[in-house]
Each structure stands twice: as C-alpha cells, then as structure tokens.
Amino acid sequence: MDGAKDLSDEQLLTRLENFVDEERLRLHSFLAWLGEADRRKLLERRGYSSTFDYCVRCLKLSEDEAYRRITAARAAVTRPELLSAMAAGQLSLAAVSRIAPHVRRCDAPEIIARAEGKSKRQIDEMLASLQLAPAKRDVTRIVSVAAPGEPGATEIRVEFSFRGSPALRDAIERIRQLLSHKCPGGGMDEVLLEIARDYLKRHDPQKGLPGRAAPAKGGSVIPADVRRAVWARDGGRCAYVGTTGVRCLSRRFLEMDHVRPRAHGGGNSAGNLRLLCRAHNDSERRRILGEGGGAIWALSAARRENHGSPVRKPDPRPGSPRCASP
Ligand SMILES: [Zn+2]
1259 MDGAKDLSDE QLLTRLENFV DEERLRLHSF LAWLGEADRR KLLERRGYSS TFDYCVRCLK
1319 LSEDEAYRRI TAARAAVTRP ELLSAMAAGQ LSLAAVSRIA PHVRRCDAPE IIARAEGKSK
1379 RQIDEMLASL QLAPAKRDVT RIVSVAAPGE PGATEIRVEF SFRGSPALRD AIERIRQLLS
1439 HKCPGGGMDE VLLEIARDYL KRHDPQKGLP GRAAPAKGGS VIPADVRRAV WARDGGRCAY
1499 VGTTGVRCLS RRFLEMDHVR PRAHGGGNSA GNLRLLCRAH NDSERRRILG EGGGAIWALS
1559 AARRENHGSP VRKPDPRPGS PRCASP
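Numbering of the sequence shown is given in our numbering, commencing with residue 1259 and proceeding in unit increments.
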C-alpha cells in the first residue's frame, strides 16, 4: 500500500511520525471549525437537530467520535490553549473530553497543565484528587451473554451505563418496593422496564394516547384527533427540511408547530401543523419573527408547558462551577 514495502526502515518510521503530526494539525483545524459552526447554529438550518446529529449523519462519525470532538470543540471555545496543547501532542482528544466539564473553573489553567502528557487513568486520578469527576457519557451497549438454563446458548442484552443523582437512586428504590409483588426479583431491568411501560402507556402518542387536547394561550385548542393525524403523517419525527434538503428526523423534544403562526391567522388544521424538534421550532421562530419575537415565543413556551415536554440539552457541555470572568 502506497509503496510501503519499498520504503527503508528509516523512511517508514519518518512517514509514520510525519503522518501523526499532520493528523494532529488537521484535528486542531477540525475542532476550531466545528466549534465555530456550532456557535453559529449553522447545522440547524441545514436540517440537523444538533451538532451531534450533523457529525453522525453527515460527517459519518461514530457517536463516540462525535461526542469527543464536540466536547473538545466547545471546551476550546472557552480555553483555546486546549487546541494548541493537542496540536503539540501534549493532550489527546480523550484527555480533553475528560477535563472539558471543568474548563470554566478559575483553576482550569492549572488543571490543563497538570493533564498534559498524562494517560486517561492518570487524568482521572488527578481529577479525583481535586474532587472533580471526569466527563462521562451515557452509554448503551449491545452485549451477548449466556442464556440462563440453556447451556451453550446466548442471548442479546443491552448494557446501560450512566451517572444519576441520589434523588434518582432513592426514587428507584421506592418504586422497587412498590413493585415488590409484581417484580419479586427486584432487578433494575424489571423495575425500569415497568416504569418505562407505564410512562409510554400514558404519554406515547403512537399508542393512540393521549386523548387530551393541547390547550394554548388564548383558549385555542388543537383537537386530539388532529394531533394524532399530524403525528402519524410526520412519522413521529421532526418534519423540518433544511436548506440543502436534509430532513431533521429527530424524535426528541417534539412540539406541534403552526406553519403559519396563529398570530398571523394560522389555524389548528393538520395542514397548518407539523412536528418540529425544539431546536427547529426555535430556529423557525427566529426566522419568522426575528430575535425579538417575544409574544409568539410566550405562546410557544405555554404550549411546551401544556405538552409536558422534557427539557434536556442533548449535547455535552462544560460543567460548573464557573468563573465570573473566564
Ligand atoms: Zn428538528
């Protein structure tokens, strides 16, 4: 390949070392550009629900690659010296994604300096010594395990890994007690599945529920059958199509959007409604009304409240505490 077999030992090693140097410089540029595109919110207008969605669907990065690069790019917006340290080979991408939650701290320069040249394990130990937690991404992983009671057979399971609050632990423990008759084993799998089924039964529009209409400010109501029709037509996904023809497809933070705003005479017919994710609903509001579209924004916020949509930012972001002036 590329004449590798014809190279002398010295030439081969020189090319390898040059390649790594070039790769670091390319990564430096990539992260700087990604951070700027993220800051400008360019990717929403192209039909992607987030920078993460763009990295996975358009750039074909794996979810893990996308997560690390976005985490590093955002951290570098606050601490540009991270990019220089990466280009010089003093910090790896994995190292930066570990210290990223702490880049807004007053002592971030010291943390960055102490992380240089360290392995992931050494960085975790350093953060632990400062009583700081490294960044950790929620992970779901398919695993094949031995099937109980069937020698030699295997079955597919899903392994979950995430950090929760003590409040979550206490709530799960209480639910485990309440489900003790239904789930005598009390395994986390059984308990969480029961919670999930109960939630979906009551809230998933694809199950034919809910029957409630969605009231909006001013007494306007979207009938339940219209909402179900819109949901079915849009396939339970964001219907936004970007400037290059890419459809968003996000299933998260979905909201009913009036194509022609009610303030402009738009009605509650299925033809004037569509599903939009939070990012694209906000993007459309800015496009139609400008940044100062406060009145319609208030209506939109009221709709969100009535829909009970969860509010959670999907992409990684730096944590606290933060300096008054980073
Ligand atoms: Zn969307």
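All C-beta atoms, glycine included, are put in the ideal place defined by N, C-alpha and C. It should be emphasised that the depicted structure is a prediction, and the values quoted were computed from it without experimental measurement.
Can you grab the Cα-Cα spacing for the pair residue 1382 / residue 1501, in whole Å?
43 Å
Is any non-hydrogen atom of ligand 1 found closer than 7 Å to the C-beta of residue 1534, if you look at the structure I gave you?
yes
Are there three or more Cβ pairs, one per stretch, closer than 8 Å when the stretch 1537 to 1545 is compared with the stretch 1520 to 1528?
no
To the nearest angstrom, how far is it from the Cα of residue 1568 to the Cα of residue 1512?
Here residue 1568 scores only 36 on pLDDT, less than 50, and its place in the model should not be relied on; the value that follows carries that caveat. Approximately 10 Å between the Cα atoms of the pair.
Would you call the stretch 1337 to 1347 in contact with the stretch 1528 to 1538, where contact means no fewer than 3 C-beta pairs closer than 8 Å?
no
Please report the distance separating the alpha-carbon of residue 1403 from that of residue 1297.
43 Å
Less than 8 Å between the CB atoms is what I'm expecting for residue 1306 and residue 1316, so what's the real figure, rounded?
7 Å
Do residue 1313 and residue 1327 count as a contact pair if the criterion is CB distance below 8 Å?
yes
Considering only heavy atoms of ligand 1, does any lie closer than 7 Å to the CB of residue 1538?
yes
Limits of the unbroken alpha helix (DSSP H) element including residue 1278:
1267 to 1298
Which full runs of the alpha helix (DSSP H) of 4+ residues lie inside the stretch 1337 to 1423, going along the chain?
1339 to 1345, 1351 to 1357, 1366 to 1373, 1378 to 1387
Alpha helix (DSSP H) segment containing residue 1203, residue limits:
An answer regarding residue 1203 cannot be provided, because it is not within the stretch 1259 to 1584 covered by the chain.
Measuring alpha carbon to alpha carbon, tell me which of 1429, 1385, 1421 ends up nearest residue 1398.
1421
Continuous beta strand (DSSP E) stretch holding residue 1264: start and end:
Note, residue 1264: premise wrong, no beta strand (DSSP E); not H, not E.
Given a threshold of 16 other Cβ atoms within 10 Å of its Cβ, counted over all protein chains shown, does residue 1424 qualify as buried or as exposed?
exposed
Starting from residue 1515, follow its DSSP beta bridges and name the residues at the other end.
1532
Is any heavy atom in ligand 1 found nearer than 7 Å to the beta carbon of residue 1506?
yes
Less than 7 Å between the CB of residue 1441 and some heavy atom of ligand 1, yes or no?
no
Look at the alpha carbon of residue 1559 and the alpha carbon of residue 1514, and state the distance between them as a whole number of angstroms.
Here residue 1559 scores only 48 on pLDDT, less than 50, and its place in the model should not be relied on; the value that follows carries that caveat. So the alpha carbons of these two residues sit roughly 12 Å apart.
Nearest to residue 1359 by CA position, among 1385, 1493, 1295, 1372, is which residue?
1385
Using the DSSP secondary-structure output, state which residues sit across from residue 1499 in a beta bridge.
1505
Which listed residue (1352, 1348, 1290, 1362) has its alpha carbon closest to that of residue 1372
1348
Local conformation of residue 1456 per DSSP, three classes
helix
Per DSSP, what kind of secondary structure is residue 1441 in: helix, strand or coil?
coil
Helix, strand or coil for residue 1316 per DSSP?
coil
Under the three-state reduction of DSSP, which class applies to residue 1325: helix, strand or coil?
helix
Quick check on residue 1311: does DSSP put it in helix, strand or coil?
helix
What's the gap between the Cα of residue 1275 and the Cα of residue 1387?
34 Å
Measuring only the C-alpha atoms, how far is residue 1440 from residue 1509?
31 Å
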